[in-house]
RNA sequence: GGCGGCAUAGCCAAGUGGUAAGGCAACGGCCUGCAAAGCCGAUAUUCUCCGGUUCGAAUCCGGAUGCCGCCUCCA
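Residue numbers (the numbering used here): 102 to 585.
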């Protein structure tokens, strides 16, 4: 089985064949650290996190780099507003980013380079572009001359002539062509700046990604990812710079994720509807957010709203409920197999179906369908277990599959006990009840039931239900959980 | 104006030529003192509409309608 990926460059799915067999070098555009991360960032990062996990599981040795843009206009403006340095501002939001991503169970890339720590490499690329005649200097600014690069527009499918016709950008008189973009920006007073052959300045936005990806992954590498909005101009310009400077293919596969809308509207500053990750995490389990984000194919747009995220939460409950059931039957849950060999013969049919889905352009939505098929299968086996104690092996195998799928998706990282305990704690924090009161009521009801006083028992249950507490009578006692 | 995408049950969603996955919700049955959880079942004769290609189309082609994105900082 080969993995097939949709390549923005060719506008079709292609067989995935890394440049070096067995090794994958990938780069994803990370955030500009001037503000908190929103759900849109989360999608991009979670999607590529899953791709990263899956490639490793398929046995590839993956080198993954994701940058921080820590110097640009927005950062400078924000730092000035707050009266702190750009470095302090960047550090603050990098820390926050790591906290958010940690909560979302995102694996750290091998490298997380910052633009400001790669000024030498950036200057080096700019120099090279000037030497080769692709760039020109005007008053301490260095611009890339798009007309000199023949295949400019190949990623976004635009032609220079057409773009000029429709261009509504303010024309910069320093530019030879309105579409030329800045590689090195002369600094104004009181702006962070670095010495360069063209005077004090700072890097343009696009050049950092070229310089850093090349530095960590090579002049040609396999996968470059990011949000769809980065196709033009950011990635188009990265290609132009990199290929002009080094005369070789920059990136083999370009992958772009779709947007997150909020209540059917685009997230935008004018609407003020940015949903920050840290705020969503206050109300919902991080894995519910992941499950929600991965329920649609990564290239499609997805709409974030209360109903959707609640549904994802219910779906996640269903999986953890199953794991809890398994835990009550087996001595311990099987270990997920993250060694990368789990792909071979060990898995059952569910695991292979899941891999088939993932092989098809990382179709997590389909994969999640397989996951739920496995959940239903296992619930059925558990229902019938009393009649057939020899089913333990099957339970082990399917459960391991479920945990393996969870491992790829970055889900099911908690034990069921932890998961439900956290959920109960959240309910208690929100509500006016404390666990002692609940336990007391549960005991009273238990006593009433024993005395066959079902009227009283049901009254207590209804009373708790009104406070979003659902009772569940099990053979080994009554438990309570959050009622959706 | 240029480029691109999408339209599948009440909602979300997978499915790119072989006869409609999965989740949530609701309904019937099993289980239960009753519930809950879980399982089983029935739910789209049909995939926005109109044409065409084909033995066969949600899937390919043409057209229509509707919605959305990018072209400006943006994941």
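Don't be surprised by glycine CBs; every beta carbon is placed ideally from N, CA and C.
What first and last residue would you give for the alpha helix (DSSP H) that runs through residue 498? 493-510
Exposed or buried, which one is residue 546 when buried takes at least 16 other CB atoms within 10 Å? buried
Per-residue burial, residue 431 [other beta carbons within 10 Å of its own, 16 or more giving buried]: exposed
Could you tell me which whole beta strand (DSSP E) segments of length 3 or greater appear in the stretch 339-395? 352-358, 361-363
Using three-state DSSP, classify residue 198 as helix, strand or coil. helix
Measuring CA to CA, which of 340, 463, 398 is closest to residue 314? 340
Here's a check: name, in chain order, each residue in its chain whose Cβ is nearer than 6 Å to the Cβ of residue 437, leaving out the five neighbours to either side. 504, 505, 508
Given residue 569 as reference, the closest of 526, 549, 557 once Cα atoms are compared: 526
Kindly give me the distance between the Cβ atoms of residue 226 and residue 152, rounded to whole angstroms, as I take these residues to be in contact under 8 Å. Rounded, the Cβ-Cβ distance is 27 Å, inconsistent with contact.
Taking the alpha carbon of residue 398 as the reference point, which residue from 122, 297, 360 has its own alpha carbon closest? 360
Would you give the residue range spanned by the alpha helix (DSSP H) that residue 216 belongs to? Here residue 216 belongs to no alpha helix (DSSP H), and DSSP marks it neither H nor E.
In this structure, what does DSSP give as the bridge partners for residue 286? 303
Going by other Cβ atoms of all chains shown within 10 Å of its Cβ, with 16 needed for buried, is residue 280 buried or exposed? buried
Please report how far the alpha carbon of residue 550 lies from the alpha carbon of residue 558, in whole angstroms. 6 Å
Burial state of residue 491, where buried means 16 or more other Cβ atoms lie within 10 Å: exposed
Do you know offhand how far residue 76's Cα is from residue 147's? Because the chain is modelled from 102 through 585, residue 76 falls outside the range shown and cannot be assessed.
Residues sharing a beta bridge with residue 570, DSSP: 583
Are there any heavy atoms of the ligand ATP lying less than 7 Å away from the beta-carbon of residue 244, as far as the coordinates show? Questions concerning the ligand ATP fall outside what the structure shown contains, since it holds no ligand whatsoever.
Rounding to the nearest angstrom, what Cα-Cα distance links residue 130 and residue 325 in this structure? 8 Å
Range of the contiguous alpha helix (DSSP H) that encloses residue 521: 517-531
Would you mind giving the Cβ-Cβ distance between residue 157 and residue 163, rounded to the nearest angstrom? I have them listed as a contact below 8 Å. 5 Å
Out of 493, 456, 497, 395, which one is the CA nearest neighbour of residue 435? 497
Residue from 117, 168, 124, 409 whose Cα sits closest to the Cα of residue 306: 168
Tell whether a beta-carbon distance below 8 Å holds between residue 376 and residue 363. yes
So the candidates are 128, 154, 120, 112; which of them puts its Cα closest to the Cα of residue 456? 154
For residue 103, does the count of other Cβ atoms within 10 angstroms reach 16, so buried, or fall short, so exposed? exposed
Since residue 452 sits in a beta bridge, which residues does DSSP pair it with? None; residue 452 has no bridge partner.
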